[in-house]
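I have placed the structure first, in the form of structure tokens, so that the comments after it can refer back to it.
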Amino acid sequence: MNFVTGGSGLVGSHILLELAKKGEPIVALKRASTDLSVVKELFIRNNLHSEFNNIKWVAGSLSDINVLVEHLENCERIYHAAALVSFDSSDRSELIETNIEGTSNLVDAALVIKPKKFIYISSTSAIGKQPKTKVINESNEWDPDNKNGSYSFSKHYAEREVWRGIEEGLNTVILNPAVVLGPGKWGTSSTRMFSTVYNGLQFYTKGGNAFVDVRDVAQIAIKLAESSISSERFLVFSENRSFREIMNLIAKGLNKSPAKYLATPFMGYLAGLTAEIWAIISGSSPLITRGSSRSANSTQQYSNRKLLSAIEHDFIPIEKCIADTCEVFLKAQKIN
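Okay, so the sequence shown: first residue is 1 according to my numbering, each after it adds one.
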């Protein structure tokens, strides 16, 4: 039996999909109020409607260790993909509660059950900011003196809880995906890039990062879960690209004009500050923050050499990833 958290999210839903393709039995944790329509649509697109109905969804929270222990019974593999993704500093307490405390509770519950494998979906954000001249790999260390945002802080310390579990005997592998691209709940997390371009994006930034198809992340998670590899972390991505390249590929896939004007770091700072102030006044979430603006104007280069030497995997090219995602996005616009 496989236990999955975050099954309604981008990565978690695709882990469910890949497990279902293999005919694996699945227990998925969700909140009582969670909308599963996006997950169901994903399964239907892949002709796995009946497999979706076979998933055992259990209502619960990462805050209740006793409930977690109960649901984890007879589960041999745990995939922990649940996380709050936010670059809004006002979400700091919720980030700590969900990402750090929730992970700590699941680790404690897993130590009681002692599964064959615990897979934690972390993030490259857990490594924190690094010098621009450095190619980042798994050995890079967190620097608390850098201006790491609240999300980065929460993922780093959540990962520390997983390392604690390893020290206490939990058979674990940590994945650090970069920017994950793919179809999900449009307008949230990385899917917001597609919505933004579709609605007309005029400005681009000079920054860059590493990117990966969500299908790759899910498949690699399962490969590592089924392997003998343990007590390791792996950066998971296919290509280092500039944000302008990515946005131009999205614009091409959505039949939109590419952004024409450069947004300087100062312009981004002002836009983020204005959006944050308006969010306080209106009670809504800001579309851009000072933190996300800094990220969009910074360039981080990563190495996936360790992963490729550990397992065999052919990554989906980013061009195909974006083209496929744009196709799903456009079909969704016609339906809605």
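In this text, a Cβ means the ideal position worked out from N, Cα and C, and glycines have one as well.
Given the structure is predicted, the values throughout are model-derived calculations rather than measurements.
- For N137, the closest of S125, K147, I322 by C-alpha to C-alpha distance is S125.
- Taking 8 Å as the cut-off, the beta carbon of L307 is found closer than this to the beta carbon of F234.
- The C-alpha of D108 is placed about 42 Å away from the C-alpha of E245.
- Sequence-distant partners of R241 (beyond 5 residues in either direction) whose C-beta falls short of 8 Å from its own C-beta, in its chain, are G208, N209, A210, F211, I318.
- With a 10 Å radius around the Cβ and a threshold of 16 neighbouring Cβ atoms, P183 comes out buried.
- Annotation for L48: L17, A20, K21 place their beta carbon closer than 8 Å to its own, counting only its chain and skipping 5 residues before and after.
- Linking D314 to T188 through their CA atoms gives a straight-line distance of about 27 Å.
- Segment contact: the stretch 79-91 against the stretch 139-146, fewer than three CB-CB distances shorter than 8 Å; contact not assigned.
- Residue state for H14 is assigned as helix, using DSSP reduced to three classes.
- Taking all protein chains shown into account, I311 has fewer than 16 neighbouring C-beta atoms within 10 Å of its C-beta and is therefore exposed.
- Distances from the alpha-carbon of K132 to those of K147, S298, E24, L106 put S298 closest.
- Assigned with DSSP and collapsed to three states, W57 falls in strand.
- Following the DSSP letters along the chain, one finds H313 in no beta strand (DSSP E), marked with neither H nor E.
- Membership of L95 in any beta strand (DSSP E) is not indicated; the residue belongs instead to the alpha helix (DSSP H) covering 92-95.
- The beta carbons of R92 and S152 sit no closer together than 8 Å.
- L29 sits in a strand when the DSSP states are folded into three classes.
- Per DSSP, the continuous beta strand (DSSP E) segment holding T5 begins and ends at 2-5.
- In this structure K30 is buried. Its beta-carbon is surrounded by 16 or more other beta-carbon atoms within 10 angstroms.
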